[in-house]
Every structure is written in C-alpha cells, then in structure tokens.
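Structure first, then comments.
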Amino acid sequence: MIKGSMSRKVREAVEKYRAGRRREAVLQLMYLLSDEEERVRLEAIDALGEIGDADAAVELSRLVDDRNSEVRVRVAHALGKIGSISVMSSLEKLLNDGEGDVRFAALKSIIKISGGSHFDALIKALGDEDERVRTAAMEALVKGASRYSDRLVGLLRSDDWKVRAGAARVLGEICEGKARDELIRLLDDWDWRVRKEAVEALGKIGGEEVIPYLSRMLQEKDAEVRVSVVRALASTGSPRVREILEGALRDEDAKVRLWAASALGNMGSEEAEKTLIEALSDEDKQVKLTALKALARAGGVKAVKAIDPLRLHPDEDVRKEAERAIKMIALKHNMTVEEILRKAKGA
C-alpha cells in the first residue's frame, strides 16, 4: 500500500481495506478520484493500483485524458498493477500521450501485462522521441525476439530512422545472422545513428565476411560511428583485424585512437607492441593511459623501455599507470621491477 503519510480521506479508505472491508474501500477510493484536492486524487490512484481491483480499472481509465500529466503517469502505473487485459486499450492511448513520462509508464505497464508480446505497441515505442521509451521497447523485443525475428528484419527498411536503429540494435543483441545483408545495406544509411547501430550489430553477429564492410567504415566522417567500427572489428575476434586496428591508432579523433589501443591490448599480441608504444606519445591523456593498460597485458621488455620515462610524467595518473604497467610486465616475465628495468636499459 502507499508508503509515507497519506491524506485523511485516503487513509480512511486504506484502513477499511486493511480491516477486510475491501469493496467498501475500493468504492470510496473510486469516489476520491474526482476529489478537488490533487494530492487526494493521486493517492487514490496509487491505492487502487496497489489493491489491484479490476472494477477500478474502468474508473481509472476515465483519467487518461486528465490535464495533469502526473495523474496520467500514476494511472498508467496503476493499470499495469491491476494487470487486466481489458486495460490495454487505455494504455495504448497513453502510449500516444504528449509527455514522455506518461508514454514511458504506459509502455512499462503494457510490457508487464503482455509479457512483451504486444509487438505493435513495442514497434510504435521503438520510434518514440524519448530515449527511455525506445530503450524499454528494445529490451522487451530482445527478450521475445525469437517470436518475430523476421518482422524485425523487415523493420530495417522502416521510414523512421529510430525504428531502423532500434531494430538493428535488437537484431545485433540476438546475433540474428539472417539480418546480415540488410545490416550491411544500412551502412550507407543517411542517418549516422542508424549507421552506428548497424556497425555494432554486425560486430556482434560477426563472421569474416563482415570485416571488409566494417573496415571501409573507418572512412566514416562521424567519429562516433568510427568508434563503433573499432569496437565491432575487435569483437569479431579475427586476427585479420589487427592491422586495421593499428591503422585506427592514427585516427584524428582521440576516442577512436583510445578504443583502438584498448582493442589491441585485449588481443594480447606482442605484434601490436610497436603500435601501442607509439600511442604512448599521443597528446590525449586517455589514449596514453589506455595504451599503458594495453601494454601491461601485451607488452614486453621493449615496452618497459618506452614506459620507464613516463614514471616521471607531470600527470599523476600517467605516473601511476606507468608504474603499474611495469609491475605487470615484470610479473608476466617472472622478474622483479628492478630486473626488468635493467634488462630494458640494455635492450
């Protein structure tokens, strides 16, 4: 039931409910839905939702056009708690509300009642202006994607960029291989957000055949897309991408260089050591730190020689990461820090 203090009118009704006089309490709360005091109305909505009385759904549904958006939000939550399939039409109406908070609450209730199987409502929400609504729809679609993967592939040709982007993300999350060709087509989409989602989806779906298409996208003008390309290439796990990622370390954007350095380090290959050592001189601090972390995993004696001067770097974070990297490399080679530093100086 309602937490915290309650108005006297609502408290009286709640006490009746607690005393086992459920029907009397519900009727009193329904009457309070038209109270002149806003606080009373809001509390009555919440209480009816907690009680979960199906008869109250009709009265609550009358409030979907209320001028107060908070009332509409509370109604959406309450209808979801009642859980009757009969309230779906009211929730669908709230899904068209002008307020994002209302649409978000309505969608959450629709998902709760339908178990995420209300495909049409989810697709509508996929094109919502509010990112919270789109994200909730995508999460529900991922959970139930096996039921309608073919329809999701078809949505990649939607006229709405938000729907195309959302469908691409969902298909990537479920690694739907039959969407590969359509996702490759979206790499040329007019909207950079769609291109970004298509890139990330292809990275998750994987396969050697997507590598040439992804590497081409490193020429993309939008840096956010190029970051996604680097991440997608790394996620393929193919040794073919190492050289491509080394080239990305020379990108003009610091975030792209950062992710490229991190990816090369995660590959744990000493062949990437030279490129990562070069990244230590990058003017961007985060790229420098990421290169140090990568070398801690993949570096050898040559890396220690390059890292050593950074122990005197003016930035404390860089100094600490340099010390840590040398310790990690020494441990990997079964040597003390002093021993590996001496060996590095003679290298």
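Take 5 as the starting number for the sequence shown in the working numbering and just add one per residue. Glycine included, C-beta positions come from ideal geometry on N, C-alpha and C.
Expressed to the nearest angstrom, what Euclidean distance is found between the alpha-carbon atoms of arginine 1 and leucine 206? Since the first residue shown for the chain is 5 and the last is 351, residue 1 is missing from the structure and cannot be characterised.
Short of 8 Å in beta carbon distance, which residues of its chain neighbour glutamate 282, apart from the five on each side in sequence? Order them along the chain. Leu253
Considering Cα atoms alone, identify which of Tyr35, Ala29 and Arg71 is closest to glutamate 54. Ala29
Would you mind sorting serine 35 into buried or exposed? The rule is 16 or more other CB atoms within 10 Å of its CB. It is tyrosine, not serine, that sits at residue 35 in the sequence shown. Exposed.
Please go through the same chain and pick out, in chain order, the residues whose beta-carbon is closer than 8 Å to the beta-carbon of serine 242, but skip the five residues on each side of it. Glu212 and Ile215
Residue closest to glutamine 290, alpha-carbon to alpha-carbon, out of Gly304, Arg136, Asp257 and Asn270: Asp257
Identity of the residue in Thr279, Leu293 and Glu287 nearest glycine 304 by Cα: Thr279
Skipping 5 residues on each side, what residues in its chain have a beta carbon closer than 6 Å to that of histidine 122? Ile114
May I have the straight-line CA-CA distance separating glycine 170 from glutamate 201, to the nearest angstrom? 8 Å
Go to tyrosine 217, then tell me how far its alpha helix (DSSP H) extends in each direction, as first and last residue. 215–220
What do you get for glycine 181, buried or exposed, if any count of 16 or more other CB atoms within 10 angstroms of its CB means buried? exposed
Helix, strand or coil for histidine 81, going by three-state DSSP, please let me know. helix
Below 9 Å between beta carbons: does that hold for leucine 190 and leucine 160? yes
Got a sec? Which residues, its chain only, sit under 8 Å from alanine 326 by beta carbon, not counting five neighbours each side? Leu296, Ile311, Asp312, Leu314, Arg315 and His317
Keeping to the same chain, check which residues put their C-beta closer than 7 Å to that of serine 73; ignore five residues upstream and five downstream. Glu103, Asp105 and Val106
Would you check if the distance between the CB atom of arginine 328 and the CB atom of alanine 300 is smaller than 9 Å? yes
Nearest-angstrom Cα separation, counted from alanine 183 out to valine 157: 6 Å
When the Cα of glutamate 320 is compared with those of Leu293, Leu345 and Val308, which residue comes out closest? Leu293
With DSSP run on the structure shown, which of helix, strand or coil describes threonine 279? helix
Mind listing, in chain order, the continuous alpha helix (DSSP H) runs of no fewer than 4 residues lying wholly within the segment 20–60? 26–36 and 42–55
One question on the structure: do lysine 208 and glycine 176 come within less than 9 Å of each other, judged by their Cβ atoms? yes
Once you ignore the five residues that flank lysine 349 on each side, which residues in its own chain have a CB closer than 6 Å to its CB? none
Classify threonine 340: buried if its beta carbon has 16 or more other beta carbons within 10 angstroms, exposed otherwise. exposed
Could you tell me the alpha carbon to alpha carbon distance between glycine 87 and isoleucine 117, rounded to whole angstroms? 5 Å
How about valine 77 and leucine 83: do their beta carbons lie closer than 9 Å? no
Compute the Euclidean distance between the alpha carbons of lysine 85 and glycine 210, then round it to the nearest angstrom. 41 Å
Three-state secondary structure (DSSP) at lysine 324? helix
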